[in-house]
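Undergrad: Below is one structure. I have some questions about it.
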Amino acid sequence: MPATTEVTRLSQLSKDELAKALQPHYDEFVSQLSDFQKSNISFDQVAHEAYRRLQNAGVAKIDISEIEPLNKAGVPPCVLAIGTVVADAFGVFFQLLGINESETRAATRAILEELGQDTIRGLLATVHDIKNADSIVEKAKLIWSLISQVKNAIGLSGIIKALKDSMHWYDWVITGVTAVAQLTAWFATDGLAFIAEVALEGAAIAQMVEDSVNAVNVCG
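For the sequence shown, position 113 matches number 261 in my numbering, and the numbering has no gaps at all.
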């Protein structure tokens, strides 16, 4: 098993290696389950399903432009526009984990609710930088910066809570364990592997840039 800092993408691991990467995070999730739920899930099930999802994961499978990031009622247009860019960023991340379209939409909405409007407004400077970045690599770096700022604002616990609030408990354990393991690996390398991967996905970046232009225009 490679050291944590050497694991850049969970989908590159063998099934046994993946299980070892997921194991340190499993107990945290199971401890939050009821006795009935605990009796209906095992680590082997989680590792098997995570491996299956990761083998089918890819950025370009979901049209992230279709993610409706926030309940629009009473939300200022500027916050909605910035929230759409944040949803784009996490839509890409969740797709790399093999999360399906409906769960991706629900999870991104839950993360934005966890952030709150004031924090979302504070992300405008990064959104502005995404709009103006000259190269795909620079845009990918800024997308990682956006994810990092969200993680700093609500913590991994906030991301886990958003996942828990948006999906069935069984899927939450699988998705949450995988997401924490992948984020831990990427943060250990300052996001370099994430940046390299996303830089190859021109369509996803193009959508995010388009939404960034709209956000800057709306927020004026």
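Beta carbons: idealized from backbone N, C-alpha and C, even for Gly. Predicted model, so just to flag it, every value in this text is computed and none were measured.
Just curious, the alpha helix (DSSP H) that D236 is in, first and last residue?
TA: D236 -> alpha helix (DSSP H) spans 225 to 244.
Undergrad: Under 8 Å: do the segment 166 to 186 and the segment 314 to 333 share three or more Cβ pairs, one atom per stretch?
TA: Yes, the segment 166 to 186 is in contact with the segment 314 to 333.
Undergrad: Just the Cα atoms here: how many angstroms apart are K299 and V321?
TA: Their backbone Cα atoms lie some 19 Å apart in a straight line.
Undergrad: Compute the distance between the beta-carbons of S179 and I278, then report whether it is under 7 Å.
TA: Not a contact, by the Cβ cut-off of 7 Å.
Undergrad: Kindly list the residues whose CB is nearer than 6 Å to the CB of H276, restricted to its own chain and excluding five residues on each side of it in sequence; keep chain order.
TA: For H276, where only same-chain residues beyond five positions count, the Cβ hits under 6 Å are V364.
Undergrad: When DSSP labels each residue in this structure, what does N109 get in the three-state scheme?
TA: Past the boundaries of the shown model lies residue 109; the chain is included only from 149 to 368, so the question cannot be answered.
Undergrad: Of the choices A198, R253, H316, whose alpha-carbon is the least far from that of A235?
TA: Taking only the C-alpha atoms, the option nearest A235 is R253.
Undergrad: Once the 5 residues before and after S187 are set aside, which same chain residues still bring their CB inside 6 Å of it?
TA: Cβ within range, chain order: n/a, list empty.
Undergrad: When you compare the CB positions of S162 and A205, do they come within less than 7 Å of one another, or not?
TA: Their beta carbons are not under 7 Å apart, which means S162 does not touch A205 by this criterion.
Undergrad: Report the residue from S305, Q243, A237, H173 whose alpha carbon sits nearest the alpha carbon of L202.
TA: Nearest option by C-alpha distance: Q243.
Undergrad: Within 10 angstroms of its Cβ, does A273 collect 16 or more other Cβ (buried), or is it exposed?
TA: It counts as exposed.
Undergrad: If we ignore side chains and look at the alpha-carbon of each, how far apart do R200 and D192 end up?
TA: Straight-line Cα distance between these residues: approximately 12 Å.
Undergrad: Are three or more beta carbon pairs between the segment 299 to 318 and the segment 253 to 265 nearer than 8 Å?
TA: Yes: at least three Cβ pairs fall under 8 Å.
Undergrad: Within 10 angstroms of its Cβ, does I177 collect 16 or more other Cβ (buried), or is it exposed?
TA: The residue you asked about is not Ile; residue 177 is Phe in the sequence shown. Counting Cβ neighbours within 10 Å, F177 comes out buried, since at least 16 surround it.
Undergrad: Roughly how many angstroms separate the alpha carbons of I268 and N362, rounded to a whole number?
TA: Those two C-alpha atoms are separated by around 15 Å.
Undergrad: Applying the criterion that 16 or more other CB atoms from any shown protein chain within 10 Å of the CB defines a buried residue, is S185 buried or exposed?
TA: Just to set this straight, residue 185 is Gln in the shown sequence, not Ser. By the neighbour-count rule (16 or more Cβ atoms within 10 Å), Q185 is not buried but exposed.
Undergrad: With DSSP as the reference, label G306 as helix, strand or coil.
TA: Reduced to three states, the DSSP call for G306 is helix.
Undergrad: Since A288 and V346 are thought to touch, with beta carbons under 8 Å apart, how far apart are those beta carbons, to the nearest angstrom?
TA: At roughly 4 Å, the Cβ-Cβ gap stays under 8 Å, so A288 and V346 are in contact.
Undergrad: Return the CA-CA distance between V381 and I295, expressed in angstroms with no decimal places.
TA: Since the first residue shown for the chain is 149 and the last is 368, residue 381 is missing from the structure and cannot be characterised.
Undergrad: Locate the alpha helix (DSSP H) running through L260, then write down its first and last residues.
TA: Run containing L260: 249 to 263, per the alpha helix (DSSP H) assignment.
Undergrad: So, are the CB atoms of L271 and I230 less than 7 Å apart?
TA: Closer than 7 Å, so yes.
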